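To start, the structure itself, in structure tokens.
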Amino acid sequence: MTTDALQVKDLVVHYHTPLGAVKAADHVHFALRADERLGLVGESGSGKSTMALAILRMIKPPGRIETGEVWLDGRNLMTLSEEEMRHVRLARIAMIPQGSMNSLNPVTRIRAQIADALRDHGVKLSRRQLGERVRDLLQSVGLTPQVAEMYPHQLSGGMKQRVCIAIAISLRPKVIIADEPTSALDVVVQKQVMETLARVQKDLGASVILVGHDMGLVAQFVDRLGVMYAGKLVEVSPVRDIFTKPLHPYTQMLIASLPSFAQKGVFRGIPGLAPLLRDLPPGCAFHPRCPQAFDRCQKEEPQPREVRPETWAACHLLP
Amino acid sequence: MTTLLEARDVTKVFGGGLLDRNTTVALEDFSLAIDSDRPSITAVVGESGSGKTTLARLLLGLAAPTRGEVRYLGRDLQKMTQTEMRTFRRDVQVIFQDPYEVYNPFYRVDHVLTTPVSKFKLATSRAEANRLIEEVLKAVGLRPEETLGRFPHQLSGGQRQRVMVARALLLRPRLILADEPVSMVDASLRASILGALRAMNVERSISIIYITHDLATAYQISENIVVLYRGSVAEAGDVELVVKHPQHPYTQLLISSIPVASAERTWTTAEVADPAIQAAGQAGCKFADRCPSATPPCLRKPPPLFRTAPHRAVACYLYQNAPVLPGEELEAAFVTPAPPTQEISGPSQ
Amino acid sequence: MDHASAPPRIAPRVAQPGRLAAAMRYGRRNPSLVVGIGLLLALVLFVGLGRVFVDTSKARPLSAPALQSPSLEYPFGTDRQGRDLLATMVAGTPLTLRIGFIAGFLGVGIGSILAFVAAYYRGALDAVIRGIADIGLTVPGLLVLIIIAVSIKESLTVDQMAVIVASLAWLNPTRTIRAQVLTLRERSYVEVARLSGMSGPEIIVKELMPNLLPYLGATLVNAVSNAILASIGLEVLGLGPIEAPTLGMTLYWVNYNAALINGWWWWWTAPIVIILLVFLGLFFLTVGLDEIANPRLRRAA
């Protein structure tokens, strides 16, 4: 039985606004195995980015982690002090946030930015050793040593994103969370960046959570895929099954809406709109848009159950 | 064939002023003509730096070409009179990429609909204006009572984009230029917008130029496709041929990089070199530095378009045995689709 | 196409939660605004009630025995020329504020027009306006004001003071508002407006200006504050309207009569406290307006 690298149990995150509490993440529960790549797919407002931030305890007011546990290395991250959590971030679990390539300091060379991260975590190396470490990191993401002396504006989008990956892995974390790492990149560059991430993961023996909205992109990279809707995890399934045997109606309709090269001229979307997270419908959050909804769906919220080995889904239609 | 909108040998160069020695050639000797006799849907596909955004701005008359002309009904946009320009602004509408930025946050969404009605005098009374607006909203699958009176942030990205399509319809255009209309919209809502565009073409005889980086949606909606790379045409023609059997190495690279939503791993091709960051003033084919099939002639002179089939053209020396197609006649390689005979599934809300 | 089963996503337009309740809730999130408005209201109250209960004619010299320390009859005491200082403050505060408001409004008014025109049309017009503003900003403002004030031979009125201060008050607003308009004009909705047939001036008034109202408000308050400071500065130097009992002129007399050394503490305490309240009020108001204008500064609930 493989050990789990990360366990998320019953995580609830609410944003408190003057108009009410926005339930951004609602009792999310999943485990990330060692050496595994897990995808979290969802549209805007599904709660996937909130999940990524919550795992690292980076939710800022008015958001608050109401309850839940996140287990890493045998410790519940929710019980750690802020100082201890700071040590955990980057050293044990690293994140490549959305738009991170635009967050590189424009007036500092790449070398200094990577070194900053190392120094901040108490890595004491001589100037020469630091330089070597930076060079090794750049090499592991497929960049030449010359990049260390450059400024961010001299790099292309793909290269900047690979620098962000280098910073994320600089302390050899065991878990990497990548939130939309390729969203602004061209399709060819996107593939390069994802391949870099895959290589890096294998070298480190780490696990990756890939958060994104592009189901195709996520599917090409991960072993297991989780689908989020309205703050809830509605289905988790291995990639080999989810496209052939999707269980939850939302997953089915989402897959059907993706444009393919197989069929032309058919436009199938999901009717209606995602619910407001502060005004969720009673029962199952998807029932207003679900063509297979029946009366139980309006009253009772479905709980996730292991319907097949390795596959969980939350739907009343399932046995 | 009479042309509706055309670009003739258009080149756009940025920079190169008194104090700025770095010039960027965004678009080079580009020609494209949209036929006025029959409504068509043409896709222009390219990544960042391909020149597709520049092309959109040139075709809309929001920027002037450095060389060449953009003509509407035979008249050069830069030389049009006020009246002719007004007609152009009615006949050619645009849908922008960002469904949020196009709305002034100070006003309700009604503002983008009422402004063209009043400026172009489309209605003589308030009642008639309201009727017109409700009609176009319904045409794109929106319910007026749920849409009007709201502020932009109260609608979803998909709804906002559909209001923009409705706005485009108000003026009864002949051509709609859609610049990445669905790239910032959620996957499940894209179908309704694409369906609406397709319905515009079929039901109202509106031609569409669909500019995007997303080959999948381009394939879904268009009949003909032009693939741009760094300001020049790499490949063009019948979308079925170009997408299913790409001939240009760049098109092949593009298609093989698209992640397909399936359990099969399709990312199997070898890694390709990064494009050189500064490649200004490069002689020869623009793709040569990354092309696995490059030969010395590729580095000397950029290849012309070779017509490898009645409905496709490729700018690559690999096909130099095929007859040359002059750039100005690009549209000759386009396929003329048969008028629709079967039911097209309309916008599914 | 219609899905009758799908309820509308947005709640029907019901009455908003009470406006007062919403305002109070916002007040908790934006304490600076509340403090600023409070201080300024207190001053307005002081002047308003003062007008009713105090005889402002006593703000003139020889109205009362000189150099009385505060007592029941003269709560703020009297000065060397025999002015009742309470009456002086009640009469003088609105005058000082008036100078500030006139100069501030004139400055921001002129500045906005120049800024919008320069930023929207760009080109030569922009270069000229920007050039003049830049050169003007490098010249030390107080020096220019002193020179102008000194060269006017007749004694000044309060309104003339306002115009003098306004002559320089437009420089900074022009630059800052121009910068804001430059960013706004690149927005897609401006392009859409242009494509919908709107003309340049229409776009400036209908599309750009409404989005800048909070920013203009904050700039206005800032300009008023600076104008008051400039006018007080001129008055303390003796270059103000000699006969008016403005706050700055009172301080001028304080200096002239060496009130500090002579221990007539009530003479300089009153104007300084009031000036402090004015500036604190305007400052907190600016901070509060800034938060409305710049959503990124908004604090969490």
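Residue numbers (the numbering used here), protein chains in the order written: chain A, 16 to 334; chain B, 7 to 355; chain C, 96 to 396.
We put the CB at the ideal spot given by N, CA and C, even for glycine.
Since this is a predicted model, take the numbers as computed values, not measurements.
Interface criterion met: the Cβ of Ala197 (chain B) is under 7 Å from a Cβ in chain A. For the pair Trp362 (chain C) and Met119 (chain C), the Cα-to-Cα distance works out to about 39 Å. Here the alpha carbon of Gly280 (chain A) sits roughly 22 Å from the alpha carbon of Tyr265 (chain A). Close to Asn306 (chain C), with beta-carbon spacing below 9 Å, are these residues of chain B in chain order: Asn110, Pro111 and Phe112. In this structure, Leu200 (chain A) lies near Gly173 (chain A), with their beta-carbon atoms less than 7 Å apart. In the structure shown, Trp362 (chain C) adopts helical secondary structure according to DSSP, grouped into three states.
Below the 9 Å Cβ cutoff, chain C contributes no neighbours of Arg210 (chain B), its closest Cβ being approximately 17 Å away. By DSSP's assignment, His31 (chain A) forms a beta bridge with A:Ala36. Annotation: Glu315 (chain A) has no Cβ neighbours in chain B at a cutoff of 7 Å; minimum Cβ distance is about 25 Å. For Val316 (chain C), the CB contacts under 7 Å within the same chain, skipping 5 residues up- and downstream, are Leu377, Leu380, Thr381 and Leu384 in chain order. Approximately 5 Å separates the beta-carbon atoms of Ala264 (chain C) and Ala198 (chain C); this is inside 8 Å, confirming the contact. Rounded to whole angstroms, Val23 (chain A) and Arg282 (chain C) show a C-alpha spacing of 42 Å. Short of 6 Å from the beta carbon of Pro366 (chain C), and not among the five residues preceding or following it, lie these beta carbons of its own chain, in chain order: Leu342, Thr345 and Leu346.
For Asp218 (chain A), there is no enclosing beta strand (DSSP E); the enclosing alpha helix (DSSP H) covers residues Val202 to Leu219. Contact with chain C is absent for Phe36 (chain B), since none of that chain's Cβ atoms lies less than 7 Å from the residue's Cβ. Residues of chain C whose Cβ lies closer than 8 Å to the Cβ of Glu107 (chain B) are, in chain order, Arg282, Ser283 and Tyr284. For the C-beta of Arg81 (chain B), not a single chain A residue is nearer than 9 Å; the gap to the nearest is close to 34 Å. If the five residues before and after Val191 (chain B) are omitted, its C-beta is found closer than 7 Å to the C-beta atoms of Pro105, Gly163, Gly164, Gln167 and Ile199, all from its own chain and listed in chain order.
Only residues of its own chain outside the window of five on either side were considered, and among them Ile129, Ala132, Leu133 and Leu152 have a CB closer than 7 Å to the CB of Ser185 (chain A), listed in chain order.
If you keep only unbroken alpha helix (DSSP H) runs of at least 4 residues inside the region 264 to 297 of chain A, you get 264 to 272.
Counting only residues of its own chain and dropping the five nearest sequence neighbours on each side, Ile241 (chain C) has a CB closer than 8 Å to the CB of Leu329, Leu332 and Leu334.
Non-local C-beta neighbours of Val254 (chain A) in its own chain, meaning closer than 7 Å and more than five positions away in sequence, comprise Ala234, Val237, Asp238, Arg239 and Leu240, ordered along the chain.
For Glu140 (chain B), no beta strand (DSSP E) segment is defined; the enclosing uninterrupted segment is the alpha helix (DSSP H) at Arg132 to Ala145. Here the C-alpha atom of Val138 (chain A) lies approximately 39 Å from the C-alpha atom of Lys38 (chain A).
In this model, Ser158 (chain C) and Arg178 (chain C) are separated by some 6 Å (Cα to Cα). Neighbours of Lys38 (chain A) in chain B, taken as residues at a C-beta separation under 9 Å, are lacking, since the least C-beta distance is about 18 Å.
Looking at B:Gly243, B:Val115 and B:Gly52, the one whose alpha-carbon comes closest to that of Glu140 (chain B) is B:Val115. Residue contact with chain B for Pro274 (chain A): present (Cβ-Cβ distance below 7 Å to some residue of chain B). The region 81 to 89 of chain A and the region 20 to 36 of chain A touch, with no fewer than 3 CB-CB distances between them shorter than 8 Å. CA-to-CA, the gap between Val319 (chain C) and Gly187 (chain C) works out to about 17 Å. Between Leu79 (chain B) and Leu33 (chain B), the C-beta spacing is not below 7 Å. Cβ contact annotation for Ala338 (chain B) (same chain, cutoff 7 Å, sequence separation greater than five): Leu331, in chain order. Taking C-alpha positions only, Val215 (chain A) is separated from Leu68 (chain A) by approximately 22 Å. Around the beta-carbon of Ser46 (chain B), 16 or more other beta-carbon atoms lie within 10 Å, marking it buried. Listed along chain B, no residue sits closer than 8 Å to Gly218 (chain C) by beta-carbon distance, the nearest being about 14 Å off. Per the C-alpha coordinates, the member of A:Gln154, A:Arg187, A:Asp229 and A:Ser61 positioned closest to Gly246 (chain A) is A:Ser61.
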